[in-house]
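For reference, the structure discussed in these notes is given below.
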Amino acid sequence: WETSLNDWEWVMGVNVMGVVYGIKGFVPIMQAQDEEGHIVNTASIAGLIAGPSMGAYRVSKHAVVALSETLYLELEQSGSKVSASVLCPAWVKTRIFEIDRNRPNPTPPSTTKDRLIAAQLQSAADAVQHDSLPPGQIAEHVIDAIKENRFYILTHPKFTGAVAYRMKDILNGANPRNLMKSD
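Residue 78 in my numbering sits at position 84 of the sequence shown, with consecutive numbering throughout.
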């Protein structure tokens, strides 16, 4: 409720509509070629588990997972030679925490809560730099998954337990829990 509508629109535009445009641009061409091909959409581990903060980001990544699942099933149903996967990495050595360089009209933290969130993000950025994988290593996971025709590409095994807990909570009718906490 505290994320601005402009930020929601920006995050959804980049993370969801970017994937939609890619699918609309490439799938028809790939289908017309009538050859084997593969689409890999990038989501995040945030698309498979939930936690407090970064609501717009998490929602957008869940949307990419659902869109990719739908794409996979529709391609399969149509007998296409094109398939799809979804990449759900945790931490990758990128400039994601420098996101304000691309944000339209970034606003500096003004309230105590804003400064607290900024400090939490900086702490997360520091952790990411320690535990992240380089893009080349992520690419190796992607290539292996395509060769194995594996849909879900999870690059950080330490998060598979969190995904399993979320699924168990859903199936058991349990309330969501913060799977990002280390207890």
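Cβ coordinates follow ideal geometry from the N, Cα and C atoms, glycine included.
Boundaries of the beta strand (DSSP E) in which residue i is found, first to last residue
i, result
"G31", "G31 to T36"
"I147", "Y146 to L148"
"A40", "It is not in any beta strand (DSSP E) - A40 carries neither H nor E in the DSSP assignment."
"L81", "V76 to C82"
Run of the alpha helix (DSSP H) containing residue i, from where it starts to where it stops
i, result
"L65", "G49 to Q71"
"V13", "G12 to Q27"
"A168", "No alpha helix (DSSP H) contains A168, which DSSP labels as neither H nor E."
"K152", "Premise fails: K152 is in no alpha helix (DSSP H) and is neither H nor E."
Option nearest residue i by Cα separation, candidates the options
i, options, result
"I147", "N0, V53, A156 and V136", "V136"
"V59", "V13, A139 and T(-3)", "V13"
"E34", "V157, L173, S54 and I140", "A quick correction: the sequence has Val, not Glu, at residue 34. The candidate whose alpha carbon is nearest that of V34 is I140."
CA-to-CA distance, residue j to residue i, given in whole angstroms
i, j, result
"K18", "S62", "13 Å"
"A26", "S77", "14 Å"
"H150", "A40", "12 Å"
"R171", "P128", "30 Å"
"S126", "E30", "32 Å"
"G45", "T36", "19 Å"
"V80", "F145", "6 Å"
"R160", "A84", "16 Å"
"S38", "D28", "30 Å"
"R95", "T(-3)", "Note that R95 scores a pLDDT of 48, beneath 50, so its modelled location is shaky and nothing firm can be said."
"T154", "I23", "35 Å"
"D177", "Y15", "In this prediction, D177 has a pLDDT of 46, which is less than 50 and means its spatial position is unreliable; nothing more can be read from the coordinates."
Contact with chain D by residue i, beta-carbon distance below 8 Å
i, result
"V76", "Absence of chain D from the displayed structure is noted, only one protein chain being present."
Quick one: any contact between the stretch 126 to 138 and the stretch 50 to 67, if contact means 3 or more CB pairs under 8 Å? no
Decide yes or no for the touch test of the stretch 42 to 57 against the stretch -2 to 12: beta carbon pairs closer than 8 Å, at least 3 of them. yes
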